[in-house]
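Step one of this worksheet: look at the structure below.
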Amino acid sequence: LLKHYPWLPSLQIYYSDIASKDPTVFIEEAFLKYPDGELEQRISKIFKAAFNNLEEIKDYKADELNIYLYLIVKILLFVLNNKP
5 LLKHYPWLPS LQIYYSDIAS KDPTVFIEEA FLKYPDGELE QRISKIFKAA FNNLEEIKDY
65 KADELNIYLY LIVKILLFVL NNKP
């Protein structure tokens with residue numbers, strides 16, 4: 005269930021080791037863990053869907069990569085929203 009809906013509160017319980025990492029270290033490790041380009045493709049797909057106002061993402065896969073994807077997008081949105 006968590007791999008399908010990574011925003012659930014139980015993410016903090018099962019993946020607490022990730023929460024203690026520096027965001028840059030976490031992102032670097034995530035890209036090293038998935039070197040085949042799948043992570044980049046999914047990030048691109050999410051942003052394309054957002055820019056096109058799509059309500060559904062085709063070919064959605066509920067796997068562990070979703071957790072990393074969710075956290076990376078959350079970090080990116082925080083950085084982009086950070087106003088000086």
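Convert by adding 4 to the 1-based position in the sequence shown; the result is the number in this note's numbering. Where is the CB? At the ideal position from N, CA and C, for every residue including glycine.
task: Using 10 angstroms around the beta-carbon of L84, count the other beta-carbons present and answer buried if the total reaches 16, otherwise exposed.
output: L84 comes out exposed.
- prompt: Can you tell which of N86, Y74, L81 and F82 has the C-alpha that lies nearest to the C-alpha of I22?
  reply: The option with the nearest alpha carbon to I22 is Y74.
- prompt: According to DSSP, is P13 helix, strand or coil?
  reply: Reduced to three states, the DSSP call for P13 is coil.
message: Could you compute how far the alpha carbon of I76 sits from the alpha carbon of L15?
response: In this structure, the alpha-carbon of I76 lies about 14 Å from that of L15.
- prompt: Counting pairs of Cβ atoms below 8 Å between the region 43–51 and the region 60–71, do you hit three or more?
  reply: A contact exists between the region 43–51 and the region 60–71.
- prompt: Under a Cβ-count criterion, where at least 16 other Cβ atoms within 10 Å of its own Cβ denotes burial, should P10 be classed as buried or exposed?
  reply: By the neighbour-count rule (16 or more Cβ atoms within 10 Å), P10 is buried.
- prompt: Once you ignore the five residues that flank K7 on each side, which residues in its own chain have a CB closer than 8 Å to its CB?
  reply: If you ignore the 5 residues before and after K7, its C-beta comes within less than 8 Å of the C-beta of A66, D67, E68, N70 and I71, all in its own chain and listed in chain order.
- request: Leaving aside the five residues before and after E42 along the sequence, list all residues of the same chain whose C-beta is less than 7 Å from its C-beta, in chain order.
  value: When the five nearest sequence neighbours on each side are left out, the beta carbons in the same chain lying within less than 7 Å of the beta carbon of E42 are those of L69, in order along the chain.
message: I'd like the span of the alpha helix (DSSP H) that includes S20, first residue to last.
response: Taken as a continuous stretch (DSSP letters only), the alpha helix (DSSP H) holding S20 covers S20 to A23.
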